[in-house]
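Participant: Protein chains in written order, with this note's numbering: chain A, 43 to 376; chain B, 14 to 361. Glycine included, every Cβ here is placed at the ideal spot set by N, Cα and C. Predicted model, so just to flag it, every value in this text is computed and none were measured.
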Amino acid sequence: MSALLGADLRRPSLADGRRLGLVTLVPVALALLAIGIVSADRPSEVLRLTSADAARSGALIGLLPHRVGSSSLLEVQAPGAAVLLAVSADGAQAALADQLGQPSGTLTVAHGDGSQIRISLPGLASAGFSADASWLAVLDGRGALWRIDPATGAGVQIGAGPYLGSPVPAADGSLLLLSVSSVEAPYRSRVVRLSPAGAVTPVTSDDLDYAAYPLVDGDVAVVSHASGRTLVRRVTADAALLLADLEPGAFNVVVAADGRHIAYELGGRGIELLDRPGANVRDLGPGSHPCFAADGTSLLVRRGLGTAALALDGSVLAVTQRQAGLAGAVGCLP
Amino acid sequence: MTMRMRRGSGSLALLLVLLGGVAGSALAADDYTLPFYDPGVTLSFGVDRDRTLNRQLDWTGQAWNDGVPHAGRVYDQHTGTDYPMALRSEVAAAKDGTVIDVEGGYGTTQFGSFGNFVLLQHADGRRTLYYHLASAADGGIAVVIGQTVAAGQLVGRSGCSGTCYGAHLHFEMLAWSAAARAYLSVDPLAERRWTTWPGRIAYDAAYVRESNPGTEVIQQGHTITHWVEFRNAGGRTWRVSATVGRVALATWSPASHASPFAASDWPSTSIATYLDNASVAPDGVGRFTFGLRGSTALGIYRETFNLAAISVRWFDHGRLGGFYVPIQVTSLPSCGPAALTHALIPVC
Numbered sequence: 043m044s045a046l047l048g049a050d051l052r053r054p055s056l057a058d059g060r061r062l063g064l065v066t067l068v069p070v071a072l073a074l075l076a077i078g079i080v081s082a083d084r085p086s087e088v089l090r091l092t093s094a095d096a097a098r099s100g101a102l103i104g105l106l107p108h109r110v111g112s113s114s115l116l117e118v119q120a121p122g123a124a125v126l127l128a129v130s131a132d133g134a135q136a137a138l139a140d141q142l143g144q145p146s147g148t149l150t151v152a153h154g155d156g157s158q159i160r161i162s163l164p165g166l167a168s169a170g171f172s173a174d175a176s177w178l179a180v181l182d183g184r185g186a187l188w189r190i191d192p193a194t195g196a197g198v199q200i201g202a203g204p205y206l207g208s209p210v211p212a213a214d215g216s217l218l219l220l221s222v223s224s225v226e227a228p229y230r231s232r233v234v235r236l237s238p239a240g241a242v243t244p245v246t247s248d249d250l251d252y253a254a255y256p257l258v259d260g261d262v263a264v265v266s267h268a269s270g271r272t273l274v275r276r277v278t279a280d281a282a283l284l285l286a287d288l289e290p291g292a293f294n295v296v297v298a299a300d301g302r303h304i305a306y307e308l309g310g311r312g313i314e315l316l317d318r319p320g321a322n323v324r325d326l327g328p329g330s331h332p333c334f335a336a337d338g339t340s341l342l343v344r345r346g347l348g349t350a351a352l353a354l355d356g357s358v359l360a361v362t363q364r365q366a367g368l369a370g371a372v373g374c375l376p
Numbered sequence: 014m015t016m017r018m019r020r021g022s023g024s025l026a027l028l029l030v031l032l033g034g035v036a037g038s039a040l041a042a043d044d045y046t047l048p049f050y051d052p053g054v055t056l057s058f059g060v061d062r063d064r065t066l067n068r069q070l071d072w073t074g075q076a077w078n079d080g081v082p083h084a085g086r087v088y089d090q091h092t093g094t095d096y097p098m099a100l101r102s103e104v105a106a107a108k109d110g111t112v113i114d115v116e117g118g119y120g121t122t123q124f125g126s127f128g129n130f131v132l133l134q135h136a137d138g139r140r141t142l143y144y145h146l147a148s149a150a151d152g153g154i155a156v157v158i159g160q161t162v163a164a165g166q167l168v169g170r171s172g173c174s175g176t177c178y179g180a181h182l183h184f185e186m187l188a189w190s191a192a193a194r195a196y197l198s199v200d201p202l203a204e205r206r207w208t209t210w211p212g213r214i215a216y217d218a219a220y221v222r223e224s225n226p227g228t229e230v231i232q233q234g235h236t237i238t239h240w241v242e243f244r245n246a247g248g249r250t251w252r253v254s255a256t257v258g259r260v261a262l263a264t265w266s267p268a269s270h271a272s273p274f275a276a277s278d279w280p281s282t283s284i285a286t287y288l289d290n291a292s293v294a295p296d297g298v299g300r301f302t303f304g305l306r307g308s309t310a311l312g313i314y315r316e317t318f319n320l321a322a323i324s325v326r327w328f329d330h331g332r333l334g335g336f337y338v339p340i341q342v343t344s345l346p347s348c349g350p351a352a353l354t355h356a357l358i359p360v361c
């Protein structure tokens with residue numbers, strides 16, 4: 043049985059009826075983690091909170107959907123410094139980290155009804171929902187890959203890695219991942235595909251890949267670093283075609299699913315958008331962490347503490363004062 | 014009187030004895046230098062030589078059956094050596110080599126999966142990696158791909174780009190693995206790749222003696238010869254033949270000023286001389302001989318000097334005892350240095 047199918051979970055979640063106050067249990071769990079009593083091989087604890095539980099403990103997370111063109115934008119009202127990691131394709135769930143990369147990291151899956159699942163995952167780094175939102179791929183601080191059931195919090199480690207970046211679940215149940223030389227200093231990184239059966243297949247033979255995005259025709263767009271430059275290529279079954287050779291200083295590069303639009307940050311200049319064919323580059327103004335909508339017709343950028351949804355001509359479609367994510371967008375970095 | 018501060022080395026010697034006891038009798042390979050100049054920088058975490066999750070083997074040989082960090086030693090799965098340092102601190106090549114890759118596009122303190130780095134290829138087949146650097150726009154990258162660099166040469170400045178929770182340099186030494194068909198991390202501390210262990214800064218010197226430790230009295234219009242000796246307290250051999258890193262005695266305070274005492278044997282008005290010896294290994298003593306010409310008005314002066322590794326960096330002047338030469342320009346004939354050893358005012 044495939045581990046990815048989730049039938050052989052190493053650790054069951056807590057019983058549905060078990061509800062423990064965050065005020066008491068989370069600090070204990072964190073303390074145990076800090077002194078190394080709790081194994082870091084598995085999520086050490088799972089908490090289920092109803093909307094009422096969350097409200098009582100001041101941990102309520104509000105999910106506020108907005109319509110932006112043909113996409114759904116989910117604005118997230120979360121306490122503290124929680125960081126949005128991913129939004130499910132149906133816009134009904136959001137994955138958040140209470141803090142990124144820290145030993146006491148906790149993954150929270152917030153549901154539209156106000157309920158939450160909180161899973162302790164040391165060093166929690168990134169997450170991505172499967173296409174049908176039935177499971178969540180999560181990377182921890184040591185680059186290990188976890189499959190988490192967002193409804194119950196049950197989790198199992200399905201890859202030791204180390205992997206980095208945002209895991210990208212595909213419709214067939216496979217995952218696009220970045221296999222790296224190390225989590226802290228990845229000078230070597232390659233895109234691999236992890237099949238539902240657990241087989242790892244290299245997608246590239248590059249020295250340093252930065253990101254991978256599935257394209258609608260089944261190919262993969264790969265952003266890589268080569269000789270000091272940043273390249274974007276379409277990787278097919280038997281070839282790699284150059285889509286763009288970006289100007290020096292480009293980073294956080296994202297590719298729309300149609301492969302025709304590439305957005306990136308450029309130090310000090312905000313967001314740039316490159317159209318193909320033609321290689322026309324447009325300045326979309328300030329912002330960071332661009333992320334294309336699933337249909338590629340708009341993109342989301344961070345501006346200050348909030349976000350702005352932009353049309354491809356740079357016009358502003360929507361602005362939020364809080365962090366937000368586009369439903370079904372994949373591979374966007376936290 | 015010239016300041017002749019001798020820096021104590023007792024604590025370092027004790028440290029080496031203690032570390033030697035931990036490490037056994039392995040000989041130091043001693044062919045790399047620490048990748049920074051600041052002698053105050055210390056190790057926060059070294060390489061985990063046991064790649065199994067929740068099992069750690071630190072650079073001293075101590076094993077830990079856990080996954081928690083151990084300050085000064087190791088954290089689980091760590092592939093490099095971490096050295097906390099202030100943002101934009103100087104980062105230096107650990108060995109002569111060629112720049113084979115750089116990334117400088119990320120923000121100096123931008124958190125994320127990837128960060129800025131410099132990657133060097135060395136003639137011994139190994140590579141060294143300098144990670145979390147400041148952005149290129151912020152001066153984080155001081156080299157270009159294809160450039161050759163000398164050990165101790167500035168290659169960049171520190172930052173906190175990538176997966177970084179506080180400004181530090183992640184230094185990684187890589188060796189080719191035929192089995193893995195990839196470069197894999199090795200532990201420079203366990204291999205004792207540094208001259209001293211766990212490390213010694215690349216270019217450092219300590220004052221030893223000079224031809225006249227008192228005031229040099231120079232008859233106006235005449236030239237006298239002065240020499241000074243320094244012990245090589247750094248990790249790199251001083252060489253006079255090197256094109257980059259040639260060690261010279263040059264004017265200081267301000268650096269590279271044109272000296273009014275420059276004699277005809279000076280290579281330039283700011284460089285008094287190069288190293289007399291062909292080479293001086295670590296712990297050896299090198300001599301610098303140069304002329305001083307009384308070209309100024311009569312009076313008492315001082316001329317300050319520092320050592321420099323040409324095109325690499327200045328030495329730490331404080332660690333040279335703040336070296337300077339007191340000079341009196343007089344109308345009287347110069348006296349021999351032996352007669353003036355402790356005299357502030359010449360009598361001849």
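Between the Cα of S357 (chain A) and the Cα atoms of A:T339, A:G348 and A:F171, which residue gives the shortest distance?
Facilitator: The candidate whose alpha carbon is nearest that of S357 (chain A) is A:T339.
Participant: For Y8 (chain B), go through chain A and note every residue whose CB falls closer than 8 angstroms to its CB, in chain order.
Facilitator: Since the first residue of chain B shown is 14 and the last is 361, residue 8 (chain B) is not available in this structure.
Participant: Hey, how far is the Cα of V60 (chain B) from the Cα of T141 (chain B)?
Facilitator: 14 angstroms
Participant: Can a CB atom of chain A be found closer than 9 angstroms to the CB of I313 (chain B)?
Facilitator: no
Participant: Which residue wins for smallest C-alpha separation from G203 (chain A), given the options A:L218, A:G195 and A:T194?
Facilitator: A:L218
Participant: Using beta-carbon positions only, say whether V88 (chain A) and G197 (chain A) come within less than 9 angstroms of one another.
Facilitator: yes
Participant: By Cβ distance, which residues of its chain are closer than 7 angstroms to R344 (chain A), with the 5 residues on each side in sequence left out?
Facilitator: G329, S330 and H331
Participant: Please give me, in chain order, every unbroken run of the alpha helix (DSSP H) with length at least 4 that falls completely inside the region 126-188 of chain B.
Facilitator: Unbroken alpha helix (DSSP H) runs of no fewer than 4 residues, entirely contained in the region 126-188 of chain B, are not found.
Participant: Classify H267 (chain A) as helix, strand or coil using the three-state DSSP reduction.
Facilitator: strand
Participant: For V110 (chain A) versus L368 (chain A), is the C-beta spacing smaller than 9 angstroms?
Facilitator: Yes, Cβ-Cβ distance for V110 (chain A) and L368 (chain A) is below 9 angstroms.
Participant: Look up L142 (chain A) in the DSSP assignment and say whether it is helix, strand or coil.
Facilitator: coil
Participant: Taking a Cβ distance cut-off of 9 angstroms, strictly less, list which residues of the region 295-310 of chain A are near chain B, in chain order.
Facilitator: E307, L308, G309 and G310
Participant: Let me know the secondary structure DSSP gives G133 (chain A) once reduced to three states.
Facilitator: coil
Participant: Pick helix, strand or coil for R302 (chain A), following the three-state DSSP scheme.
Facilitator: coil
Participant: For Y229 (chain A), which residues of its own chain have a beta-carbon under 7 angstroms away from its beta-carbon, when the five flanking residues on both sides are left out?
Facilitator: Beyond the five residues adjoining it in sequence on each side, Y229 (chain A) comes within less than 7 angstroms, by CB distance, of S223 and L250 in the same chain, given in chain order.
Participant: In this structure, how does DSSP classify L333 (chain B) when only helix, strand and coil are distinguished?
Facilitator: helix
Participant: From the DSSP secondary-structure annotation, give me the bridge partner or partners of D251 (chain A).
Facilitator: Residue pairing by DSSP places D251 (chain A) opposite A:S266 in a beta bridge.
Participant: Which residues does DSSP pair with F334 (chain A) in a beta bridge?
Facilitator: A:L341
Participant: For the beta strand (DSSP E) holding D18 (chain A), just list the boundary residues, first then last.
Facilitator: As displayed, chain A neither begins before 43 nor continues past 376, which places residue 18 (chain A) out of reach and without an answer.
Participant: Taking 9 angstroms as the cut-off, decide whether the C-beta atoms of G185 (chain A) and I103 (chain A) are in contact.
Facilitator: no
Participant: List the residues of chain B whose Cβ lies closer than 9 angstroms to the Cβ of A202 (chain A), in chain order.
Facilitator: L66
Participant: From the beta carbon of D89 (chain B), is the nearest beta carbon of chain A less than 9 angstroms away?
Facilitator: yes
Participant: Tell me the DSSP secondary structure of S281 (chain B) in three-state form.
Facilitator: DSSP places S281 (chain B) in the coil class of the three-state scheme, outside both helix and strand.
Participant: For chain A, check one thing: does any of its Cβ atoms lie closer than 9 angstroms to the Cβ of F49 (chain B)?
Facilitator: no
Participant: Check the DSSP bridge columns for I368 (chain B) and list the partner residues they point to.
Facilitator: Not covered by the structure: residue 368 (chain B). The range shown for chain B is 14 to 361.
Participant: Whether or not the region 227-236 of chain B and the region 70-85 of chain B are in contact is what I'm after, with contact meaning three or more pairs of Cβ atoms, one per stretch, closer than 8 angstroms; do they touch?
Facilitator: Flag = no, the region 70-85 of chain B and the region 227-236 of chain B do not touch.
Participant: For A152 (chain A), name the three-state secondary structure that DSSP assigns.
Facilitator: strand
Participant: I'd like to know if T339 (chain A) contacts chain B, where contact means its C-beta is closer than 9 angstroms to some C-beta of that chain.
Facilitator: It does not; no Cβ of chain B falls within 9 angstroms.
Participant: Just to check my reading of the structure: V253 (chain B) and A215 (chain B) have Cβ atoms closer than 8 angstroms, yes? What is that Cβ distance to the nearest angstrom?
Facilitator: Incorrect: roughly 17 angstroms between the Cβ atoms, too far for contact.
Participant: When you compare only the Cα positions, how much space is there between T278 (chain A) and L257 (chain A)?
Facilitator: 10 angstroms
Participant: Give me the Cα-Cα distance between D200 (chain B) and G93 (chain B), rounded to the nearest whole angstrom.
Facilitator: 7 angstroms
Participant: Can you tell me the Cβ-Cβ gap for P168 (chain A) and S208 (chain A), rounded? I've got them flagged as a contact below 8 angstroms.
Facilitator: Per the sequence shown, residue 168 (chain A) should be read as Ser rather than Pro. Confirmed, Cβ separation roughly 5 angstroms.
Participant: What would DSSP say about R98 (chain A), mapped onto helix, strand or coil?
Facilitator: helix
Participant: Bridge partners for H91 (chain B) per DSSP, in chain order?
Facilitator: Here H91 (chain B) is not bridged, per DSSP, to any residue.
Participant: Between A164 (chain B) and chain A, is any beta-carbon pair separated by less than 9 angstroms?
Facilitator: no
Participant: Give the DSSP-derived three-state secondary structure of S93 (chain A) in the structure shown.
Facilitator: helix
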